[in-house]
Amino acid sequence: MHVRVFGGSAANVAWARSGCLLVDDHVAFDSGGLASELSLLEQVSVDHVLLTHAHLDHIGELAFLVDNVMTARAAPLKIWAPGPVLDLVRQHLFNNQLWPDFSQISSGNHPVVEFCPLESEGFLALGRLKIRWVRTCHPVFSVGYLVEDTNGSFLYTGDTGPTEAIWALAREASALRAVFVETAFPNRLQDLAMTSGHLTPSLLGNELAKLQTPEAIINVMHVKPVYHDEIARELQTLPRPWRIVAGGERLSLD
1 MHVRVFGGSA
11 ANVAWARSGC
21 LLVDDHVAFD
31 SGGLASELSL
41 LEQVSVDHVL
51 LTHAHLDHIG
61 ELAFLVDNVM
71 TARAAPLKIW
81 APGPVLDLVR
91 QHLFNNQLWP
101 DFSQISSGNH
111 PVVEFCPLES
121 EGFLALGRLK
131 IRWVRTCHPV
141 FSVGYLVEDT
151 NGSFLYTGDT
161 GPTEAIWALA
171 REASALRAVF
181 VETAFPNRLQ
191 DLAMTSGHLT
201 PSLLGNELAK
211 LQTPEAIINV
221 MHVKPVYHDE
231 IARELQTLPR
241 PWRIVAGGER
251 LSLD
């Protein structure tokens, strides 16, 4: 399993894009960088996009990805998320006002996109990938994902404040190789982080204490650019190795 990071920031700036992971070139988690960082040929190869929630920094580039590939694909681009997330995406983005409803537009003999609701519990099999999800702590309906194949697994929290279910899911993983976890604010803004459903370096330390896999690589995402250096300094107190990802990183989890 190969993972490319196309965005690790909490915003689009000159040096970084908002959060997005691309697995084996075909399965994306959130949309940051999918249109702005991939070539058109690479965009056509994306067959599935799984969304954590409907905030703009996680779904925004989906609009341009769909527009770029709509006449170049032989099958619909499948957009997966729990029903409440898809409802928001369709109501506020693909609504024929802000952007066309591409599920109602055909290219050849198939719709451009297919919205695929995930059940509240269970798993999704995409090729050799087995994907599970649980709710996270965020002001809107949001989930994190555990992605596994026969060689290993990784956890992607999406946006979350302190929570329990995502770490319980991580403890069930076989051969957890990597964790992609958000940290949006510095410690001095902990009240704001808690109100908005995000983590600080101190809160992240508490969350990682729930993780029983010391060898998993900790990849810190969703760092707000204005606080990047401050957060990086505060992360130095974490008792385990970590790195802030901004985009361009590649991991082989085989």
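Counting from 1, one number per residue, gives the positions in the sequence shown under this note's numbering. In this text, a Cβ means the ideal position worked out from N, Cα and C, and glycines have one as well. This structure is a prediction, so every number in the text was calculated from the model and none was measured.
Alpha helix (DSSP H) segment containing residue i, residue limits
i      : result
Leu41  : Leu40 to Val44
Val185 : For clarity, residue 185 is Phe in the given sequence; the question names Val instead. Unbroken run through Phe185: none, as it is neither H nor E.
Ser202 : Pro201 to Leu208
Leu65  : Leu56 to Val69
Leu235 : His228 to Leu235
Leu169 : Ala165 to Arg171
Val89  : Gly83 to His92
Helix, strand or coil at residue i [DSSP, three-state]
i      : result
Glu114 : strand
Val284 : Residue 284 cannot be examined here, being either before or after the span of the chain that is shown, 1 to 254.
Gly152 : strand
Ile217 : strand
Val255 : Absent from the structure is residue 255, since the part of the chain shown begins at 1 and ends at 254.
Ala125 : strand
Ser174 : coil
Leu192 : helix
Ser18  : strand
Ala103 : The sequence given here places Ser at residue 103; Ala does not occur at that position. The answer is helix: DSSP assigns Ser103 an H, G or I state.
Check whether residue i and residue j have beta carbons under 8 angstroms apart
i      : j      : result
Val140 : Ala54  : yes
Gly33  : Ala246 : no
Val66  : Val113 : yes
Asn169 : His48  : Note that residue 169 is Leu in the sequence shown, not Asn. Against a cut-off of 8 angstroms, the Cβ pair of His48 and Leu169 comes out as no contact.
Gly260 : Ser142 : Past the edges of the chain, shown from 1 to 254, lies residue 260, and the structure says nothing about it.
Phe185 : Tyr156 : no
Gly161 : Leu199 : yes
Trp167 : Lys130 : no
From the options, residue whose alpha carbon lies closest to that of residue i
i      : options                           : result
Ser36  : Gly248, Arg243 and Lys130         : Gly248
Pro239 : Trp80, Ser202, Leu21 and Pro117   : Ser202
Gln236 : Leu251, Ser252 and Ile218         : Ile218
Arg177 : Asp25, Leu251, Leu93 and Leu62    : Leu251
His26  : Arg128, Leu86 and Val89           : Arg128
Arg132 : His92, Leu77, Phe154 and His2     : Phe154
Thr183 : Asp254, Arg171, Asp229 and Thr150 : Asp229
Leu62  : Ala74, Ala75 and Trp80            : Trp80
His107 : Pro117, Leu93 and Ala74           : Reading off the sequence, residue 107 comes out as Ser, not His. The residue with the shortest Cα to Cα distance from Ser107 is Ala74.
Cβ-based burial, residue i [other Cβ within 10 Å; buried from 16]
i      : result
Gln43  : buried
Arg233 : exposed
Ser31  : buried
Thr71  : exposed
Asp57  : buried
Near the ligand NAD: residue i beta-carbon under 7 angstroms from a heavy atom
i     : result
Ile59 : The ligand content of the structure shown is nil, which means the ligand NAD is not present either.
Continuous beta strand (DSSP E) stretch holding residue i: start and end
i      : result
Gly7   : His2 to Gly7
Ile244 : Trp242 to Ile244
Leu251 : Arg250 to Ser252
His53  : Neither: His53 is in no beta strand (DSSP E) and is coded neither H nor E.
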